[in-house]
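Participant: Numbered per my numbering, the sequence shown spans residues 6 to 575. One structure, pasted below without further comment.
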Amino acid sequence: MVHEENGSAAAAWIARFPRPVPGADAGNGPLAGLRFAVKDNIDVAGVPTTAACPAFDRQPAAHAAVVQKLLDAGASLLGKTNLDQFACGLNGTRSPYGEVPNAFDPRYVSGGSSSGSAYVVAKGEVDFALGTDTAGSGRVPAGLNNIVGIKPSRGLLSAVGVVPAAQSADCVSIFARTVAVAVDVLLAAAGPDARDPYSREIALLGEPFPSAFRFGVPDTLSFFGDLEAEAAFGDAQARLVALGGTAVTIPYAPLAEAAALLYESALVAERYAAVRGFFDAHGSQVIEPVRSILESGRGYSAADVFDAQTRLRALAQQAEPMWRGIDVLLVPTAPTHYTRDQMRADPVVLNRNLGAYTNFVNLLDYAAISVPSSLRADGLPFGITLIGPCGSDLALAELGQRYHHATGLSQGATGLPLPEPRAIPGLGVSQAQAMPIAVVGAHLSGMPLNSQLTERGATLLRATATAPRYRLHALPGTVPPKPGLQRSASGGTAIALEVWSVPVAQVGSFLALIPPPLGLGSVELADGNWVHGFICEGHALHDAEDVSHHGGWRAYIASRTASSSQAIPT
């Protein structure tokens, strides 16, 4: 049934099941207890797959391979979501089932083509959802709705049972409100499938990016007049620097030209080939501008396609040296945000603008993750995308999680705070390369001794607090002023701190700078975990002022500064 509720929450769903399809191992699987939805170009047994075209309506007898894996892992399936028809678009307005609104402001586009999947995740209706990504459909909706979007390396997830958009460039994508959940889904769904001609064994990078990493920034950036988005991207770069990154300017021309090939060359013929049988017989049933895009694919010769493929390979060669100077590439997920009215008035150009920094990624065989970055002054989300070579999926997730948790944003449009970050499975972050160390005083971000950490390539993991079992004292005569932290048998409180990841090779030189009575011990965090951290010898606290009631060293220093300024006569 075709929905009429343009811009309403109902438009996000094409089929919402009266009862969820239960997971096969709902009590014990790695995804037990999680609910999900799938974009309606992905098969669910016994449910029509429409690809947002009612006349297409294929009747699958079996689940898509990736859906079956997620059910086997214990997740339960709630329904199928709306999309730009035949996954052809990046805005969420190209569907006879209704325009999917933005989760923060229904006047604005949701992003597409995986519009419904992003919306139901952002609103908390499901825990995760599947989309597909050819030109950015697993990233743009994530960026515009304050959620995480993983675009895996092509071939990592099986596409059996997925209606192709451009089969050689397609991949199934994952939406979630946290990186940790998205990675759980990725690992449960991943694996080669001989039935998929583009499936392959991919050896995932098993180490994180270096603690002192280099991130590429395009030498030309356009935000199409959106000053808020431009400012938000500047803030994003500063946050990556605070996490240990160094910005490196990269030439964007080869990437931009590769992106243009997807729709402006003979490569668009693959869009037509994906649904040729249906389109030739029922082209009038396809809505505009999707019909014109597919129709344009008919006009190219085989020689034209070979020319376009050769040009793409040449551009890949031009872009490859970029990776010798950077570890990861940073781009805006979407450079601006449009209302649904604006998109309807100029559907081709504005849609192209939304994909300015996404279209090249699959064509050049890269992996990517979109993570929330900020909420603009107008209340709309802004997201960034981290891009790496094929197989860098887990390393991207580790950096993406650190970045996301450093933003202080809530989960999607739910208002719920982010949970504590989790270790990324399969990534050898562990203690072999870096040691988490908790700091409570002069080594905090922005405090006088923080450079002793950053100079050693240490990176901020998270800001949190101790368990409510500690007292904080201001040590007399220390320069710069330093606190002493001590665990208390009774009457303790939670003390604000930061956990930094310090390269193991640098731990010794860092500790050599720490004078007595301070030393390294173990500190219990608010979540019950223990990490190495600064503690103080008891004898030094007898004459030290107890400043625990301030809740942390930063607040205490701020109170001293305020008191000093009030004492100055005017």
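Ideal placement from N, C-alpha and C gives every residue a C-beta, glycine not left out. A quick note: this is a predicted structure, and the numbers were derived from the prediction, not measured.
#1: Let me know if Arg182 comes out buried or exposed under the rule of 16 or more other beta-carbons within 10 Å of its beta-carbon.
#2: Is Ala70 closer than 8 Å to Leu39 when the C-beta atoms are compared?
#3: Count the other CB atoms within 10 Å of the CB of Glu325; is the residue buried (16 or more) or exposed (fewer)?
#4: Excluding the 5 residues flanking Asp77 on each side, which residues of the same chain have their C-beta closer than 6 Å to its C-beta?
#5: Secondary structure at Phe218, three-state DSSP: helix, strand or coil?
#6: So, with DSSP's three-state summary, where would you put Met440?
#7: Using the C-alpha atoms, what's the distance from Leu334 back to Ala147?
#8: Can you give me the Cβ contacts of Gly211 inside the same chain, cut-off strictly under 8 Å, excluding the 5 residues immediately before and after it?
#9: Alpha carbon to alpha carbon, what distance is there between Gly360 and Ala16?
#10: Please name the residue, chosen from Glu262, Glu293, Glu300 and Ser289, that lies closest to Ala5 on a Cα-to-Cα basis.
#11: From the DSSP output, in three-state form, read off Glu529 for me.
#12: Take Ala382 and list the residues in its own chain whose beta-carbon comes closer than 7 Å to its own, dropping the five residues that flank it on each side.
#13: Give a yes or no on whether 8 Å exceeds the smallest Cβ distance from Val190 to chain C.
#14: By DSSP, does His555 sit in helix, in strand, or in coil?
#15: Ignoring anything shorter than 3 residues, give me the beta strand (DSSP E) runs that lie fully in the region 11-52, in order along the chain.
#16: Identify the continuous alpha helix (DSSP H) that holds Asp398 and give its terminal residues.
#17: Under 8 Å, with one C-beta from each stretch per pair, do the region 41-48 and the region 85-92 reach the 3-pair mark?
#18: Helix, strand or coil: how does DSSP classify Leu421 here?
#19: For Gln347, which residues of its own chain have a beta-carbon under 8 Å away from its beta-carbon, when the five flanking residues on both sides are left out?
#20: Could you tell me the distance, in whole angstroms, from the CA atom of His555 to the CA atom of Tyr561?
#21: Identify which residue in Arg24, Pro27, Leu368 and Gly533 has its Cα closest to the Cα of Ala261.
#22: Under DSSP, the alpha helix (DSSP H) around Glu300 begins and ends at which residues?
#23: Nearest-angstrom Cα distance between Gly154 and Asp110?
#24: Do Ser216 and Ala517 have their beta-carbon atoms positioned less than 8 Å apart in this structure?
#25: For Thr341, collect the residues of the same chain with a Cβ closer than 7 Å to its Cβ; drop the 5 residues on either side in sequence, then sort them by chain order.
#26: How about Leu75 and Val49: do their beta carbons lie closer than 8 Å?
#27: Three or more C-beta pairs closer than 8 Å, one from the region 243-258 and one from the region 453-471: is that the case here?
#28: Any heavy atom of the ligand ATP within a distance shorter than 7 Å of the CB on Thr251?
#29: DSSP state of Ala470, grouped into three classes?
#30: In chain order, which alpha helix (DSSP H) runs of at least 4 residues are fully inside the region 177-258?
#31: Can you name the start and end residues of the alpha helix (DSSP H) that Leu502 belongs to?
#32: DSSP puts Trp535 in a beta bridge; with which residues?
#33: Quick check on the DSSP output: the alpha helix (DSSP H) that includes Ser120 runs from which residue to which?
#34: With a Cβ-Cβ cutoff of 8 Å, do Gly117 and Asn150 count as a contact?
#35: Just the Cα atoms here: how many angstroms apart are Ala164 and Glu529?
#36: Name the DSSP bridge partner or partners of Gln491?
Facilitator: Considering the structure as presented:
#1: Working through the sequence shown from its first residue, we reach residue 182 at position 177. Here Arg182 is buried. Its C-beta has 16 or more other C-beta atoms within 10 Å.
#2: To locate residue 39, count along the sequence shown from 1; it is residue 34. To locate residue 70, count along the sequence shown from 1; it is residue 65. Note that the C-beta distance between Leu39 and Ala70 is not below 8 Å.
#3: For the purposes of this step, residue 325 is identified with residue 320 of the sequence shown, where counting begins at 1. By the neighbour-count rule (16 or more Cβ atoms within 10 Å), Glu325 is not buried but exposed.
#4: Locating residue 77 in the sequence shown gives position 72, where the first residue counts as 1. Here the set comprises Ala29.
#5: Position 213 of the sequence shown holds residue 218. Here Phe218 sits in strand by DSSP.
#6: Position 435 of the sequence shown, counted from the start, is the residue given in the question as residue 440. Residue state, collapsed to three classes: strand.
#7: Taking the sequence shown and counting its residues from 1, the one referred to as residue 147 is at position 142. Taking the sequence shown and counting its residues from 1, the one referred to as residue 334 is at position 329. For Ala147 and Leu334, the distance between alpha carbons rounds to 18 Å.
#8: As a first step, residue 211 must be located in the sequence shown, where it is residue number 206. Excluding residues within five positions, the ones whose Cβ falls inside 8 Å are Leu399, Gly431, Leu432 and Gly433.
#9: Here residue 16 refers to the residue found at position 11 when the sequence shown is read from its first residue. Here residue 360 refers to the residue found at position 355 when the sequence shown is read from its first residue. Per the coordinates, the alpha-carbon of Ala16 lies some 23 Å from the alpha-carbon of Gly360.
#10: It is not possible to answer for residue 5, since the shown part of the chain is limited to 6 through 575.
#11: Position 524 of the sequence shown holds residue 529. The three-state reading of DSSP puts Glu529 in strand, counting E and B together.
#12: Stepping through the sequence shown from its first residue, residue 382 is reached at position 377. Within the same chain, and ignoring the five residues on either side of Ala382 in sequence, the residues whose Cβ sits closer than 7 Å to its Cβ are Glu233.
#13: Included in the structure is just one protein chain, with no chain C present.
#14: Indexing the sequence shown from 1 puts residue 555 at position 550. Of the three classes helix, strand and coil, the one that applies to His555 here is helix, per DSSP.
#15: Runs of the beta strand (DSSP E) inside the region 11-52: 18-26 and 40-44.
#16: One-based indexing of the sequence shown puts residue 398 at position 393. Asp398 to Thr412 is the span of the alpha helix (DSSP H), which, as asked, contains Asp398.
#17: Yes: the two stretches touch, three or more of their Cβ pairs being nearer than 8 Å.
#18: As a first step, residue 421 must be located in the sequence shown, where it is residue number 416. It is coil, neither helix nor strand.
#19: Sequence index remark: in the sequence shown, residue 347 carries index 342 (1-based). For Gln347, same chain residues with a beta-carbon under 8 Å away, outside a window of 5 residues either side, are Leu355 in chain order.
#20: In the sequence shown, residue 555 corresponds to position 550, counting from 1. In the sequence shown, residue 561 corresponds to position 556, counting from 1. Each residue's alpha carbon lies about 6 Å from the other.
#21: As a working mapping, residue 261 is identified with position 256 in the sequence shown. Taking only the C-alpha atoms, the option nearest Ala261 is Leu368.
#22: Taking the sequence shown and counting its residues from 1, the one referred to as residue 300 is at position 295. DSSP places Glu300 inside the alpha helix (DSSP H), whose first and last residues are Val295 to Ser301.
#23: Position 149 of the sequence shown, counted from the first residue, corresponds to residue 154. Position 105 of the sequence shown, counted from the first residue, corresponds to residue 110. Each residue's alpha carbon lies about 20 Å from the other.
#24: For this step, residue 517 is matched to residue 512 along the sequence shown. For this step, residue 216 is matched to residue 211 along the sequence shown. Contact flag unset, no.
#25: Reading the sequence shown from its first residue, position 336 is the one you call residue 341. Same-chain partners within the cutoff: Phe228, Phe229, Asp231, Ala234 and Asn358.
#26: Position 70 of the sequence shown holds residue 75. Position 44 of the sequence shown holds residue 49. No.
#27: Enough Cβ pairs lie closer than 8 Å, so yes.
#28: For the ligand ATP, the structure offers nothing, since it holds no ligand at all.
#29: By 1-based counting over the sequence shown, the position of residue 470 is 465. In this structure, Ala470 counts as strand in the three-state DSSP scheme.
#30: Here the runs fully enclosed are 184-194 and 232-247.
#31: As a first step, residue 502 must be located in the sequence shown, where it is residue number 497. From DSSP, Leu502 is part of no alpha helix (DSSP H) but of the beta strand (DSSP E) over Ala501 to Pro508.
#32: Taking the sequence shown and counting its residues from 1, the one referred to as residue 535 is at position 530. Note: Trp535 is bridge-paired with Glu529 in the DSSP secondary-structure output.
#33: Against the sequence shown, residue 120 aligns to sequence position 115. Here the alpha helix (DSSP H) through Ser120 covers Ser120 to Ala127.
#34: Position 112 of the sequence shown, counting from 1, holds the residue named residue 117. Position 145 of the sequence shown, counting from 1, holds the residue named residue 150. No, the Cβ-Cβ distance between Gly117 and Asn150 is not below 8 Å.
#35: Here the question's residue 164 lines up with position 159 in the sequence shown. Here the question's residue 529 lines up with position 524 in the sequence shown. Cα to Cα, Ala164 sits roughly 45 Å from Glu529.
#36: To locate residue 491, count along the sequence shown from 1; it is residue 486. DSSP output for Gln491 lists Arg476 as bridge partner(s).
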